[in-house]
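Engineer:
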Amino acid sequence: MSSEPLPLQGVHHVELLVGNAKQAAYYYRKAFGFSQIAYAGPETGVRDQASYVMAQGKIRLVLSTPLTPEDPMGERHRLRGDSVLDIAFVVDDVDQHFKAIVDRGGAVAREPYDMADSQGRVRRAKIYAYGDTLHSLISMDDYTGAFLPGYKIQRVAEPDFGLVSVDHIVGNVEDGKMNEWVDYYERVFGFNQFLSFDDKDISTEYSALRSKVMASPTAKVKFPINEPAEGRRKSQIQEYLESHRGPGVQHVALQTGDILHTVSVLRQAGVEFLKIPSSYYESIWNRVGDINEDCQAIENLDILVDRDEEGYLLQIFTRPVEDRPTLFYEIIQRCGSQSFGKGNFKSLFEAIEREQAARGNL
Ligand code: FE2
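Its first residue numbered 17, the sequence shown is counted upward by one per residue in our numbering.
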């Protein structure tokens with residue numbers, strides 16, 4: 017059995033299953049600076065779902081909602097609430113990839129099939145990842161349309177907030193399952209382990225987690241996988257697993273080239289971020305040294321800073337974007353550093369725990 021990397025070309029899109037895609041599209045436009053580029057639904061011949069394609073930089077988010085309770089996605093939504101359904105990869109040849117993945121023990125969600133409209137053909141298959149999260153494999157073949165067959169161009173432009181690409185996508189899995197999923201990504205997709213953090217790195221007085229970062233050598237996307245660890249109180253990962261009713265995507269990190277601008281406009285638009293105590297900044301500049309950005313502006317916006325051998329990074333985390341404490345977003349600017357802000361874990365998790373306590377879940 018080969019674990020040679022499969023040449024995944026990158027993330028084609030991330031699809032979210034939501035309760036009301038029309039309203040979610042408005043939120044992602046007004047609060048996050050996405051433009052709507054395409055739509056699929058009854059008006060385009062899709063009977064059971066409505067989907068809106070949101071674009072900013074190279075990022076494509078698809079917001080889909082079931083139109084009837086009979087649709088299987090209706091049951092999934094009842095169970096999990098709004099959540100990530102699919103992280104779709106572009107590949108050269110779906111059939112070849114699908115066969116390789118199945119030979120390596122990948123779990124089949126849907127055999128290869130054609131999607132076609134007047135603008136050409138796309139080939140697609142679906143593989144299961146943790147929980148019922150999917151990895152679609154998509155080859156664009158001769159397709160020239162705006163997004164995928166079945167979608168019509170329906171453009172609602174918004175001013176861009178400076179978000180350019182997906183940096184990493186983090187999954188939460190059950191206690192004791194992290195290594196199974198690390199092994200799955202290694203064996204099935206030929207990913208490598210990039211970094212690992214144990215509960216000594218990521219623990220506070222109360223709660224703990226373990227994390228390993230899987231990286232696709234070809235797609236340049238990283239997939240950290242977290243599991244809860246024993247602590248004095250309930251791990252934030254456990255709170256997620258209970259709220260989402262199982263494993264799933266915890267956060268999607270979006271890259272910006274100018275975090276001061278991006279976070280300023282996100283805040284003006286009403287996006288809520290985790291609050292960091294001002295004591296965080298008392299020692300930070302000694303630890304990370306000089307950066308190119310204005311330190312006072314960084315502090316005013318509650319942006320976190322970390323440095324490693326290769327450079328530094330700036331990052332900030334939204335509060336969950338649903339009422340259940342499940343999916344949230346990270347905004348990240350990389351200035352040389354390719355890591356994940358290990359130096360910020362403690363302050364970050366203490367901030368999450370203050371919110372967990374307010375929900376009565378700590
Ligand atoms: Fe992250």
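Even glycine gets a Cβ: it sits at the ideal position worked out from N, Cα and C.
Please report the distance separating the alpha-carbon of residue 124 from that of residue 185.
Structural biologist: Locating residue 124 in the sequence shown gives position 108, where the first residue counts as 1. Locating residue 185 in the sequence shown gives position 169, where the first residue counts as 1. The alpha-carbon atoms of residue 124 and residue 185 are separated by roughly 21 Å.
Engineer: Three-state secondary structure (DSSP) at residue 278?
Structural biologist: For the purposes of this step, residue 278 is taken as the residue at position 262 of the sequence shown. Looking at residue 278 - three-state DSSP - the assignment turns out to be helix.
Engineer: Kindly give me the distance between the Cβ atoms of residue 47 and residue 287, rounded to whole angstroms, as I take these residues to be in contact under 8 Å.
Structural biologist: Mapped onto the sequence shown, residue 47 falls at position 31. Mapped onto the sequence shown, residue 287 falls at position 271. Confirmed, about 5 Å.
Engineer: Ignore the nearest five residues each way along the sequence and tell me which others in residue 315's own chain have a CB closer than 7 Å to its CB.
Structural biologist: Residue numbering aside, residue 315 sits at position 299 when the sequence shown is read from its first letter. Answer for residue 315: 297, listed in chain order.
Engineer: Let's see if you can read the secondary structure: which residues bound the beta strand (DSSP E) around residue 69?
Structural biologist: To locate residue 69, count along the sequence shown from 1; it is residue 53. Residues 65-72.
Engineer: Could you tell me how far apart the beta carbons of residue 253 and residue 188 are, in whole angstroms, since I believe they sit closer than 8 Å?
Structural biologist: Position 237 of the sequence shown, counted from the start, is the residue given in the question as residue 253. Position 172 of the sequence shown, counted from the start, is the residue given in the question as residue 188. Yes, they are in contact, since the Cβ atoms of residue 253 and residue 188 sit about 5 Å apart, within 8 Å.
Engineer: Considering only residues of the same chain and omitting the five flanking positions on each side of residue 180, which have a CB-CB separation below 7 Å?
Structural biologist: Counting from one through the sequence shown, the residue named residue 180 turns up at place 164. Same-chain partners within the cutoff: 73, 74, 271, 272 and 273.
Engineer: Rounded to a whole number of angstroms, what is the C-alpha to C-alpha distance between residue 90 and residue 84?
Structural biologist: The count along the sequence shown starts at 1 and reaches residue 90 at position 74. The count along the sequence shown starts at 1 and reaches residue 84 at position 68. If I take the Cα positions, the gap works out to 7 Å.
Engineer: Can we count residue 4 as close to the ligand FE2, meaning its CB is less than 6 Å from some heavy atom?
Structural biologist: Residue coverage of the chain in this structure runs from 17 to 378, which leaves residue 4 outside it and unanswerable.
Engineer: How about residue 231: is its Cβ closer than 6 Å to a heavy atom in the ligand FE2?
Structural biologist: Residue mapping note: residue 231 aligns to position 215 of the sequence shown, counting from 1. It does not: the Cβ of residue 231 is nowhere closer than 6 Å to a heavy atom of the ligand FE2.
Engineer: Suppose contacts are defined by Cβ-Cβ distances below 7 Å. Is residue 330 in contact with residue 292 by that definition?
Structural biologist: As a working mapping, residue 330 is identified with position 314 in the sequence shown. As a working mapping, residue 292 is identified with position 276 in the sequence shown. Not in contact: residue 330 and residue 292 (Cβ atoms no closer than 7 Å).
Engineer: Specify which residues have a beta carbon nearer than 6 Å to any heavy atom of the ligand FE2, listing them in chain order.
Structural biologist: Listed by chain position, these are 184, 186, 267, 269, 346 and 356.
Engineer: Can you check which of these residues, 343, 237, 236 and 209, is closest to residue 227 by C-alpha distance?
Structural biologist: Within the sequence shown, numbered from 1, the residue matching residue 227 stands at position 211. Nearest C-alpha to residue 227: 209.
Engineer: Helix, strand or coil, according to DSSP, for residue 238 in the structure here?
Structural biologist: The sequence position of residue 238 within the sequence shown is 222, counting from 1. Note: residue 238 maps to strand in three-state DSSP.
Engineer: Using CA atoms only, rank isn't needed, just tell me which of 129, 348, 113 and 231 is closest to residue 319.
Structural biologist: Here residue 319 is taken as the residue at index 303 of the sequence shown, counted from 1. Here the closest residue by C-alpha is 348.
Engineer: Is residue 155 near residue 110, with beta carbons less than 7 Å apart?
Structural biologist: Here residue 155 refers to the residue found at position 139 when the sequence shown is read from its first residue. Here residue 110 refers to the residue found at position 94 when the sequence shown is read from its first residue. Result yes, Cβ atoms of residue 155 and residue 110 sit closer than 7 Å.
Engineer: Starting from residue 362, follow the alpha helix (DSSP H) in both directions and report where the run begins and ends.
Structural biologist: Along the sequence shown, one-based indexing puts residue 362 at 346. Residues 361-374.
Engineer: What is the rounded straight-line gap between the Cα of residue 146 and the Cα of residue 157?
Structural biologist: In the sequence shown, counting from the first residue as 1, residue 146 sits at position 130. In the sequence shown, counting from the first residue as 1, residue 157 sits at position 141. Going from the Cα of residue 146 to the Cα of residue 157 covers about 28 Å.
Engineer: Can you tell me whether residue 17 is buried or exposed, with buried defined as 16 or more other CB within 10 angstroms of its CB?
Structural biologist: Position 1 of the sequence shown, counted from the start, is the residue given in the question as residue 17. Because residue 17 carries a pLDDT of 48, less than 50, the predicted location of this residue cannot be relied on, and no value is offered for it.
Engineer: Does residue 143 come out as helix, strand or coil in the three-state DSSP assignment?
Structural biologist: For this step, residue 143 is matched to residue 127 along the sequence shown. Residue 143: strand per DSSP, three-state reduction.
Engineer: DSSP state of residue 136, grouped into three classes?
Structural biologist: The residue you call residue 136 lines up with position 120 of the sequence shown. Residue 136: strand per DSSP, three-state reduction.
Engineer: Within 10 Å of its beta-carbon, does residue 95 have 16 or more other beta-carbons around it, so buried, or fewer, so exposed?
Structural biologist: Taking the sequence shown and counting its residues from 1, one reaches residue 95 at position 79. Flag for residue 95 reads exposed.
Engineer: For the beta strand (DSSP E) that residue 350 lies in, which residues bound it at each end?
Structural biologist: Residue mapping note: residue 350 aligns to position 334 of the sequence shown, counting from 1. 344-351 is the extent of the beta strand (DSSP E) around residue 350.
Engineer: Below 8 Å CB to CB, which residues in the same chain sit around residue 108 once its five sequence neighbours on both sides are set aside?
Structural biologist: For this step, residue 108 is matched to residue 92 along the sequence shown. Result list for residue 108: 23, 25 and 155, in chain order.
Engineer: Pairs of beta-carbons, one from the region 46-65 and one from the region 294-308, closer than 8 Å: are there three or more?
Structural biologist: Contact fails: fewer than three Cβ-Cβ distances are below 8 Å.
Engineer: Under three-state DSSP, which class holds residue 128?
Structural biologist: The residue given as residue 128 occupies position 112 in the sequence shown. In this structure, residue 128 counts as strand in the three-state DSSP scheme.
Engineer: If you follow the alpha helix (DSSP H) that residue 233 is in, where does it begin and where does it stop?
Structural biologist: On the sequence shown, position 217 is the one that residue 233 refers to. First-last for residue 233: undefined, no H or E at that position.
Engineer: So, under 8 Å CB-CB, residue 28 and residue 114 are touching, yes? Tell me the CB distance rounded to an integer number of Å.
Structural biologist: Locating residue 28 in the sequence shown gives position 12, counting from the first residue. Locating residue 114 in the sequence shown gives position 98, counting from the first residue. Not quite, the Cβ-Cβ distance comes to about 15 Å (not below 8 Å), so this is no contact.
Engineer: Do residue 162 and residue 54 count as a contact pair if the criterion is CB distance below 7 Å?
Structural biologist: Within the sequence shown, numbered from 1, the residue matching residue 54 stands at position 38. Within the sequence shown, numbered from 1, the residue matching residue 162 stands at position 146. It is a contact, given that the beta carbons lie within the stated cut-off.
Engineer: For residue 363, which residues from the same chain have a beta carbon less than 8 Å from its beta carbon, with the 5 sequence-adjacent residues on both sides left out?
Structural biologist: Indexing the sequence shown from 1 puts residue 363 at position 347. Excluding sequence neighbours, residue 363 sits near 292, 293, 296 and 320.
Engineer: Here's the rule: buried if 16 or more other CB atoms are within 10 angstroms of the residue's CB, otherwise exposed. What is residue 139?
Structural biologist: Position 123 of the sequence shown, counted from the first residue, corresponds to residue 139. That one is buried.
Engineer: Within a Cβ cutoff of 7 Å, which residues of the same chain sit near residue 411, ignoring the five residues on either side of it in sequence?
Structural biologist: There is simply no residue 411 to check, as the chain begins at 17 and stops at 378 in what is shown.
Engineer: Need the endpoints of the beta strand (DSSP E) that residue 183 sits in, please.
Structural biologist: Residue mapping note: residue 183 aligns to position 167 of the sequence shown, counting from 1. First-last of the beta strand (DSSP E) with residue 183: 179-188.
Engineer: Do you know offhand how far residue 310's Cα is from residue 207's?
Structural biologist: Locating residue 310 in the sequence shown gives position 294, where the first residue counts as 1. Locating residue 207 in the sequence shown gives position 191, where the first residue counts as 1. Residue 310 and residue 207: Cα-Cα distance of roughly 37 Å.
Engineer: Starting from residue 226, follow its DSSP beta bridges and name the residues at the other end.
Structural biologist: Translated into the one-based positions of the sequence shown, residue 226 becomes position 210. Answer is 243, bridged to residue 226.
Engineer: Comparing alpha-carbon positions, which option in 166, 255 and 117 lies nearest residue 373?
Structural biologist: On the sequence shown, residue 373 is found 357 positions in, with the first residue counted as 1. Per the Cα distances, 255.
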